[in-house]
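If you use the UniProt record's numbering, the sequence shown closes out at 386, no skipped numbers anywhere. Idealized CB from N, CA, C, for every residue including glycine. Note that the structure is a prediction, hence the values are computed from the model and not measured. Have a look at the structure below, then the notes.
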Amino acid sequence: MTTDSLLDEAADLPLVRGHFDAQFGAVAREFDRNLRERGETGAAVCVYHRGRPVVDIAGGDYELDTIQVMRSTTKGLLGILAHLLRQRGQLDLDAPVSALWPDFGQAGKADITVRSVLSHQAGLPYLEEPISVADALAWQPAITALERQRPLWPSGTDHGYHDMTYGWLVGEILRRASGVRVGELVRRELAEPLGIDLWIGMPLRRMRGLRPVRAAEGGRRLNLMPESASAADEARLAQTAANPDIRSWEHRPEYLAAEMPGSNGVGQARGLAKLYAALIGEVDGVRLFDEQSLAEACAVRAAGPDRVVGWERRYATGFMLTDPTRPMAGEHTRSFGYYGQGGLLTFADPDSGLAFAYFTIQEQLHLGADPRANEVARAAYDCAVA
1 MTTDSLLDEA
11 ADLPLVRGHF
21 DAQFGAVARE
31 FDRNLRERGE
41 TGAAVCVYHR
51 GRPVVDIAGG
61 DYELDTIQVM
71 RSTTKGLLGI
81 LAHLLRQRGQ
91 LDLDAPVSAL
101 WPDFGQAGKA
111 DITVRSVLSH
121 QAGLPYLEEP
131 ISVADALAWQ
141 PAITALERQR
151 PLWPSGTDHG
161 YHDMTYGWLV
171 GEILRRASGV
181 RVGELVRREL
191 AEPLGIDLWI
201 GMPLRRMRGL
211 RPVRAAEGGR
221 RLNLMPESAS
231 AADEARLAQT
241 AANPDIRSWE
251 HRPEYLAAEM
261 PGSNGVGQAR
271 GLAKLYAALI
281 GEVDGVRLFD
291 EQSLAEACAV
301 RAAGPDRVVG
311 WERRYATGFM
321 LTDPTRPMAG
331 EHTRSFGYYG
341 QGGLLTFADP
351 DSGLAFAYFT
361 IQEQLHLGAD
371 PRANEVARAA
381 YDCAVA
């Protein structure tokens, strides 16, 4: 980044700290609007363009190196790891899950493929068997419950957002394919090669530096489903987050140290932007995805009304894709990544060479895309293609 873009010298952006390239000044200005007009109180945004960092800024009570819980943007790490194992011949994405995990084949699940799980098509969006928080953090009780559960729809015939179950399902597949737990895979395959702070299962020694997320006004009771949603739709969405209800545990040491890979990753905006940049190109000598993995990350596997959240959703193998309500770099781009509840967004767009991360500790709940991350991402894309 150019030295003449040091924000400490930019009198018109007193709320923003960090650096940006002159070409990407609109990103900093849009971020400043978040702080002044959109209720943002603490956030960071980092952007890479064609393998080079071009924006690294923060504002409010948030620093450039702040670490926080990543919520569902954690799921993107699982998709990345699945593709890396496929590249090495350790994981066949089109094989039945039961080939790796025999007990999973019970109760009508013998034909569910790894790819169906990765694209939210497995029909197991929540646990039907009641489970305690302690059991969820212990891993095996959740795995056993999923083994016994019958899917809500035949494999690959429909799609619905798998919230907590996604982490257990994909995490167990990765463990069986690689021989190590998902937290170790994150460390050795992602964090260490790229030199970033990133964990699933956070070390106790680093927890003191974690910034907690501030809940949205009124807590998390906002109905995020479309008006057309049925009572059954609303019940399904509620059940995805209520068995068990771990919301009050999000910043407890027991939760952070455990592996809940659908939601409890911890990292930084600058680390996630660098990670996504390494999926679409080379960063500091590291390129993670081969051409097949990149093509599959962008290819639609499921599209249409989501059986759980009710809205139109598009999923690839291991990632969310841009859709009308959540456009990432733009509705008609090949962007892939993940949103996290409350305003987090991580994605890459191979055509523009853009990699993007927006992290916030001020939760907001919106019926569509969060305007804070959405408008900053739009500005980043416009700058990238200008």
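- For the beta strand (DSSP E) holding residue 382, just list the boundary residues, first then last. Unbroken run through residue 382 is the alpha helix (DSSP H), 371-385; no beta strand (DSSP E).
- Message: Comparing C-alpha positions only, which one of 376, 367, 381, 345 sits nearest to residue 309?
- Response: Ranking the options by Cα distance to residue 309, first place goes to 367.
- Taking the alpha-carbon positions, what's the residue 194 to residue 170 distance? Answer to the nearest angstrom: the Cα atoms are 23 Å apart.
- Candidates 149, 86, 45, 381: closest to residue 353 by CA position: Looking at 149, 86, 45, 381, the one whose alpha-carbon comes closest to that of residue 353 is 381.
- Message: Since residue 69 and residue 217 should fall inside the 8 Å C-beta cutoff, what is the C-beta to C-beta distance between them, to a whole number of angstroms?
- Response: Actually they do not touch by this definition, with Cβ atoms about 20 Å apart.
- Message: Between residue 198 and residue 82, how many whole angstroms is the CB-CB distance? I'm expecting something under 8 Å.
- Response: Going by Cβ atoms, the distance from residue 198 to residue 82 rounds to 17 Å, so no, they are not a contact pair.
- Message: Determine whether the beta carbon atoms of residue 321 and residue 300 lie at a separation below 8 Å.
- Response: Closer than 8 Å, so yes.
- Can you tell which of 196, 329, 92, 319 has the C-alpha that lies nearest to the C-alpha of residue 378? Minimum Cα distance to residue 378 is reached at 329.
- Query: If you run the structure through DSSP and keep just helix, strand and coil, what is residue 199?
  - Reply: Under the three-state reduction of DSSP, residue 199 is assigned to strand.
- Item | Secondary structure of residue 57, DSSP reduced to three states | For residue 57, the three-state secondary structure derived from DSSP is strand.
- Message: Along the chain, where does the alpha helix (DSSP H) containing residue 144 start, and where does it finish?
- Response: First-last of the alpha helix (DSSP H) with residue 144: 140-148.
- Query: When burial is assigned at 16 or more other CB atoms within 10 Å of the CB, is residue 102 buried or exposed?
  - Reply: That one is exposed.
- Query: Helix, strand or coil: which one does DSSP assign to residue 164?
  - Reply: In the structure shown, residue 164 adopts helical secondary structure according to DSSP, grouped into three states.
- Query: Under the three-state reduction of DSSP, which class applies to residue 62: helix, strand or coil?
  - Reply: Correct three-state label for residue 62: coil.
- Query: Going straight from the alpha carbon of residue 207 to that of residue 201, what length do you get?
  - Reply: For residue 207 and residue 201, the gap between their C-alpha atoms comes out near 11 Å.
- Hey, how far is the Cα of residue 264 from the Cα of residue 146? Put simply, the backbone Cα of residue 264 is about 19 Å away from that of residue 146.
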